[in-house]
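Numbering follows full-length UniProt numbering, with no gaps: position 181 of the sequence shown is 181.
Note sheet for the following structure.
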Amino acid sequence: MVLWRDGGFEWELDLLSQLAADLGSTVLKNDFCDRWCWKDSNDGIYNVKSTYKAVINDGIYADFPLHKFLWSSYVPSKVSDFAWKILLNRIPSKCNLIKRKVLNIYASGCAWCGEDLENTSHLLFGCYYAYSVWLSVFAWFSVSTVLHNSCHENFAHFIGFPRCSGRDRMRWSVVWLATIWSLWLARNNVIFKDKVVTITDLVELIKLRSWNNDSFLFCTHHGISFVYGFLIIELV
């Protein structure tokens, strides 16, 4: 019998259910000796390479090894860490804080629209505010595309444009990282400072942050124009 304090956290109950399912599907064999087995390698033997792939959640990615673009030397480590938490749905969004019993259900509304639950996908992609920011970012590059609500699909789609290949994907990923980081800071400004950053101002901040972290962006690569307005000087 398992006893929980105050009923247990929701994530603990999920782990208990997973444990029960794993135990229920286990078949014991009397004619085999017990041995350690590493499930993330084909032969069951532990090795560093398979551990690394397990740590970076290699199986959740689509066409590109996204972790290469997350842990970029062009952005601060705190931004890469935040992006990693986004892909794992570990950021302290209101929905996640409710699951951890930090907030109650009545405080789950989006900081911007106040109409939907503030989960990771809504906060960064689905809310009208965030959606408008992304459209403005795409307009900056004269790119017309769809916007995925899934964090993984959004990132993979963003760096997977046919016109972006090789080294250009690393440059392109800086803009994605700057955008999600800027959206998160803008969200915190609303909650903790009661200050709303306009969409126009936030897009300019995104341009500035991506330029600071990747100064060679202001050029043209494969038809995508990385032009920073504040670098254009009129010659009279």
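Where is the CB? At the ideal position from N, CA and C, for every residue including glycine.
Note that this is a predicted model, so its numbers are computed, not measured.
Exercise for the section: Compare the beta carbon distance of SER72 and SER80 with 8 Å and say whether it is the shorter of the two. Expected result: As a working mapping, residue 72 is identified with position 72 in the sequence shown. As a working mapping, residue 80 is identified with position 80 in the sequence shown. With contacts defined by Cβ atoms closer than 8 Å, SER72 and SER80 form a contacting pair.
Problem - For LEU117, the three-state DSSP class (helix, strand or coil) - result: Here residue 117 refers to the residue found at position 117 when the sequence shown is read from its first residue. In the structure shown, LEU117 sits in a strand (DSSP, three-state: E or B).
Handout entry: Sequence-distant residues of the same chain with beta carbon closer than 7 Å to ASN47, five excluded per side
Key = Walking along the sequence shown from the start, residue 47 turns up at place 47. Setting aside the 5 residues that flank it on each side, ASN47 is surrounded in the same chain by SER41, each with a C-beta closer than 7 Å to its C-beta; the list follows chain order.
Problem - Sequence-distant residues of its chain with Cβ nearer than 6 Å to SER129 (five each side left out) - result: Here residue 129 corresponds to residue number 129 of the sequence shown, with the count starting at 1. Reading off the sequence shown, one finds Tyr at residue 129, where the question assumed Ser. These residues qualify, in order along the chain: TRP112.
Exercise for the section: Check GLY24 in the structure and name its three-state DSSP category. Expected result: One-based indexing of the sequence shown puts residue 24 at position 24. DSSP places GLY24 in the helix class (H, G or I) of the three-state scheme.
Handout entry: Which residues DSSP lists as bridging GLY109, in chain order
Key = Stepping through the sequence shown from its first residue, residue 109 is reached at position 109. Residue pairing by DSSP places GLY109 opposite LEU117 in a beta bridge.
Practice task
At 4 residues or longer, and completely inside the region 118-193: list those alpha helix (DSSP H) runs for me, N to C.
Solution key: You should have 128-140, 151-158, 167-193.
Practice task
Run the CB neighbour count on GLU12, radius 10 Å, all protein chains shown included, and call it buried at 16 or more, exposed below.
Solution key: As a position in the sequence shown, residue 12 is number 12, starting the count at 1. Around the C-beta of GLU12, fewer than 16 other C-beta atoms lie within 10 Å, and the residue is accordingly described as exposed.
Practice task
Determine the DSSP secondary structure at CYS37, reduced to helix, strand or coil.
Solution key: Here residue 37 is taken as the residue at index 37 of the sequence shown, counted from 1. Looking at CYS37 - three-state DSSP - the assignment turns out to be coil, as it is neither helix nor strand.
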